[in-house]
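Trainee:
2 protein chains.
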Amino acid sequence: MIIGIDVGGTGIKHGLVSEEGQLFHFNTVATEAWKGPDHVIDRIAFCIQNLRDISHAESYEVYGIGIGFPGPLNPKSGLILNAPNMPGFVNIPLRDRIRERFNIPTTLENDANAAVYGEWWCGSGKGSQNMIGLTLGTGVGGGIILHGRLYSGVDGTAGEMGHMTVEPDGFLCNCGNRGCLETLASGTSLVRRAREALNNGARSILTEMVGNDLTRLTPKMVHDAQLQGDELGDQIMNETARYLGIAIANLINLFNPEVVSLAGGVANAGDDLFNPLREEVKKRAFERPARTARIVQAVLTETAGTIGAAGVACSNR
Amino acid sequence: MIIGIDVGGTGIKHGLVSEEGQLFHFNTVATEAWKGPDHVIDRIAFCIQNLRDISHAESYEVYGIGIGFPGPLNPKSGLILNAPNMPGFVNIPLRDRIRERFNIPTTLENDANAAVYGEWWCGSGKGSQNMIGLTLGTGVGGGIILHGRLYSGVDGTAGEMGHMTVEPDGFLCNCGNRGCLETLASGTSLVRRAREALNNGARSILTEMVGNDLTRLTPKMVHDAQLQGDELGDQIMNETARYLGIAIANLINLFNPEVVSLAGGVANAGDDLFNPLREEVKKRAFERPARTARIVQAVLTETAGTIGAAGVACSNR
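Chains as they are written, first to last, in our numbering: chain V, 1 to 317; chain Z, 1001 to 1317.
1. Starting from the N-terminal side, write out each stretch of the beta strand (DSSP E) that is 3 residues or longer and does not extend beyond the region 279-314 of chain V.
2. In terms of DSSP beta bridges, what is residue 14(V) paired with?
3. What residues match up with residue 109(V) in a beta bridge as DSSP calls it?
4. Based on DSSP bridge pairs, tell me the residues matched to residue 1261(Z).
5. Using the C-alpha atoms, what's the distance from residue 1155(Z) back to residue 288(V)?
6. Quick test of your reading: residue 54(V) and residue 260(V), contact by CB under 8 angstroms. State the CB separation rounded to the nearest angstrom.
7. Residue range of the alpha helix (DSSP H) that residue 187(V) falls in?
8. Using a Cβ-Cβ cut-off of less than 8 angstroms, list which residues of the region 1154-1175 of chain Z approach chain V; keep chain order.
9. Please list the partners that residue 253(V) has in chain Z, where partner means a Cβ-to-Cβ separation under 7 angstroms.
10. For the region 272-292 of chain V against the region 1275-1292 of chain Z, are there 3 or more C-beta pairs whose distance is under 8 angstroms?
11. Assuming contact is defined by CB atoms lying nearer than 9 angstroms, are residue 1064(Z) and residue 1105(Z) in contact in what I supplied?
12. Is residue 1090(Z) helix, strand or coil when you go by DSSP?
13. Answer yes or no: does any C-beta atom of chain Z fall closer than 9 angstroms to that of residue 135(V)?
14. Below 8 angstroms on the Cβ atoms is my contact criterion, and I expect residue 6(V) with residue 158(V) to pass it. Report the Cβ-Cβ distance as a whole number of Å.
15. At a Cβ threshold of 9 angstroms, is residue 278(V) touching chain Z?
16. Can you list, in chain order, the stretches of the alpha helix (DSSP H) that have 4 or more residues and sit fully within the region 208-275 of chain V?
17. With the cut-off set at 9 angstroms, would you say residue 71(V) and residue 309(V) are in Cβ contact?
18. Please confirm whether residue 256(V) has its beta-carbon closer than 9 angstroms to some beta-carbon of chain Z.
19. Looking only at its own chain, which residues have a Cβ that is under 7 angstroms from the Cβ of residue 141(V), when we skip the five neighbours before and after it?
20. Expressed to the nearest angstrom, what Euclidean distance is found between the alpha-carbon atoms of residue 1192(Z) and residue 242(V)?
21. Please report the straight-line C-alpha distance between residue 179(V) and residue 1266(Z), rounded to a whole angstrom.
22. Measure the C-alpha to C-alpha separation of residue 129(V) and residue 257(V) and round it to an integer number of angstroms.
23. Considering residue 1172(Z), what are the terminal residues of the beta strand (DSSP E) in which it resides?
24. Quick check: the region 187-205 of chain V against the region 1268-1276 of chain Z, are at least 3 beta-carbon pairs closer than 8 angstroms?
25. Can a CB atom of chain Z be found closer than 9 angstroms to the CB of residue 185(V)?
26. What residue from 138(V), 56(V), 28(V) and 35(V) has the CA that sits closest to residue 47(V)'s CA?
27. Whose Cβ in chain Z lies nearer than 8 angstroms to the Cβ of residue 286(V)?
28. Using a Cβ-Cβ distance cut-off of 9 angstroms, determine whether residue 152(V) contacts chain Z.
29. For the alpha helix (DSSP H) containing residue 1050(Z), name the first residue and the last one.
30. For residue 222(V), I'd like the list of residues in its chain whose CB is within less than 6 angstroms of its CB, leaving aside the five on either flank, ordered along the chain.
31. So, using beta-carbon positions, are residue 102(V) and residue 40(V) closer together than 9 angstroms?
32. Are there 16 or more other CB atoms within 10 angstroms of the CB of residue 211(V), so buried, or fewer, so exposed?
33. Check the Cβ-Cβ distances between residue 1130(Z) and every residue of chain V, and say whether any is below 9 angstroms.
34. By the criterion of Cβ-Cβ separation under 8 angstroms, what are the contact partners of residue 1283(Z) in chain V?
35. Exposed or buried, residue 229(V), counting other C-beta atoms within 10 Å across all chains shown (16 or more means buried)?
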């Protein structure tokens, strides 16, 4: 068994993962990130100890620990460089501190990469050699699997699919660039565009849905409005699908992957997103790689990061 | 020694290449492509026989043959699928026909990939692990080197950097998509945009340079006009640099490479292209990978394909 740990800003998801990717004893504890690195490391150690006790009771051997953590971090050195959502995590040798406590081989991977690895290993990418994973959440993150391994580039920063320019003079992104995919396909961007349109006088059932309080707008409401025939909802969802289609066509022309897997809240729109998206890809990508690439919704949701963190540890054995 | 063969529509470049990538007895013969596959294969065999005779006279052993050929082709099966510029080359098992004639291990690779491999092995990418190569010629081609090997995807179609969308509603590309990098950064596109502007009444010294005959316009003239302070020349060159910068920033965010190497006629503009291009990349890519990636002009020109074809054979030993 391998212990998989998926550390987020609010919760630490953890479980025991078999060599075949089966997950047992999946659980979550609060991260309490505001209490700083020493406390968070104690919380992680607490999860590991629990899982070790369970393995012991069930006579499993634990031969590895895999940790997924918000970046930027360096998987090779095991150092958290500077995690914006984790106060105090600046140059913290997380991997080595865990390894020394338990004396078990430990790996560290960016949380987005770990989730994509999990989805490739045990989810929609199962059996494929090459997969591109995108997560459409607050931001747009992603990971790249080539020849069955995470591809992370020279500095470990590869796979920033959310920051491909898809509209050269578009909206200013948090990263400082204009027109990133993230500004047109994240959940946040759906809400922003709906709010802007409403503030500019667009008429939509969204106004009613939020009881005239635009701060209550969610990405899901935009899709719900589309389902109810609302013009603004439909327009924003189609625009999102179009730009996702542009980005995915680029990725297909570049990587010629077997699978493109979309996770995160925005992907829950299902066919309303995937159908126009696939049409856009068909228009833009080369025929051969476009025929090869299955564009699908991710199937693991909550557990992808935990399974993937363990999978990375397993592949590094 | 390995025999390197770089087959183009007009010439077959060939030479002997050492394991360290040194090129000897480099030469070119006419392809005479219009005479069909059997004749072209005889021409290739003629080059190989010559090089084998030379090696024999100089007491070198030839242990491999590497062929670069215009695609689409399948490197794994050694089959030319359908080469638009090589009449009759439809489902031709070129690799096996050469291997059977000489009884020497033979590899086949797409010519653009072979050239990028050569540039990585012995040119601007020397010593790096990861390199993205772009050729700005009639079209925009490219190749991807990851962990010291060509990356070609599931079907062998990866690396179509010229067909990334950089302007969603842009000019219609030969591939059927709109706003591909190729429509804004190929030599052909420089000429097209200059001609369009002049036909729409723009004033420029280009009119004089071509003696009022716009069919004589070349990409180099657009740069020459810029050098002479011409507004239209300057505008087209800066636009080219901007879109190349957008595409390269995307590639840097995706691949986090050590080197981005630009070959082909348009890259000969040197600093007039590279300076604004690097500025654009700085604005758009993440700081860390942008600092890592050297964006440089390719140094091998005529010989990259021959050296690279041999290098691919060498790496497959």
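Backbone N, C-alpha and C fix where the C-beta goes; we use that ideal spot for every residue, glycine too.
Mentor: Looking at the atomic coordinates:
1. Complete beta strand (DSSP E) runs here, min 3: 294-297.
2. Bridge partners of residue 14(V): 5(V) and 27(V).
3. Residue 109(V) is bridged to 68(V).
4. In the DSSP output, where bridge partners are listed per residue, residue 1261(Z) has 1133(Z) and 1296(Z).
5. For residue 288(V) and residue 1155(Z), the distance between alpha carbons rounds to 8 angstroms.
6. Their Cβ separation, rounded to whole angstroms, is 36 angstroms, which puts residue 54(V) and residue 260(V) out of contact at 8 angstroms.
7. Residue 187(V): member of the alpha helix (DSSP H) spanning 187-199, first to last residue.
8. Within the region 1154-1175 of chain Z, the residues whose Cβ lies closer than 8 angstroms to some Cβ of chain V are 1154, 1155, 1156, 1157, 1158, 1159, 1160, 1161, 1163, 1164, 1165, 1166, 1167, 1168 and 1175, listed in chain order.
9. By Cβ distance, chain Z contributes 1160, 1163 and 1164.
10. Touching, no.
11. A distance below 9 angstroms separates the beta carbons of residue 1064(Z) and residue 1105(Z).
12. DSSP places residue 1090(Z) in strand when its eight states are reduced to three.
13. Closer than 9 angstroms to the CB of residue 135(V) there is not a single CB belonging to chain Z.
14. Their Cβ separation, rounded to whole angstroms, is 20 angstroms, which puts residue 6(V) and residue 158(V) out of contact at 8 angstroms.
15. It does not: the Cβ of residue 278(V) has no partner Cβ on chain Z nearer than 9 angstroms.
16. DSSP runs (the alpha helix (DSSP H)) wholly in the region 208-275 of chain V: 219-227 and 231-255.
17. Result no, Cβ atoms of residue 71(V) and residue 309(V) do not sit closer than 9 angstroms.
18. For residue 256(V), the closest Cβ of chain Z is nearer than 9 angstroms.
19. So the list reads 112, 135 and 162, once near-sequence residues are dropped.
20. C-alpha separation (whole angstroms): 28 angstroms.
21. Looking at the backbone, the Cα of residue 179(V) and that of residue 1266(Z) are separated by about 26 angstroms.
22. Our two residues, residue 129(V) and residue 257(V), have alpha carbons roughly 8 angstroms apart in a direct line.
23. Here residue 1172(Z) belongs to no beta strand (DSSP E), and DSSP marks it neither H nor E.
24. In this structure the region 1268-1276 of chain Z does not lie against the region 187-205 of chain V, because fewer than three pairs of beta carbons, one per stretch, are closer than 8 angstroms.
25. False, the Cβ-Cβ gap to chain Z never drops below 9 angstroms.
26. When each option's Cα is compared against that of residue 47(V), the closest is 28(V).
27. Going along chain Z in sequence order, the residues near residue 286(V) (Cβ under 8 angstroms) are 1157, 1160, 1163 and 1175.
28. Closer than 9 angstroms to some Cβ of chain Z, the Cβ of residue 152(V) qualifies, so yes.
29. From DSSP, the alpha helix (DSSP H) with residue 1050(Z) extends over 1037-1057.
30. Excluding residues within five positions, the ones whose Cβ falls inside 6 angstroms are 190, 194, 233 and 236.
31. 9 angstroms or more divides the Cβ of residue 102(V) from the Cβ of residue 40(V).
32. With fewer than 16 other Cβ atoms within 10 Å, it is exposed.
33. Taking a beta-carbon distance threshold of 9 angstroms, residue 1130(Z) counts as an interface residue toward chain V.
34. Neighbours of residue 1283(Z) on chain V, chain order: 176 and 177.
35. So residue 229(V) ends up on the exposed side.
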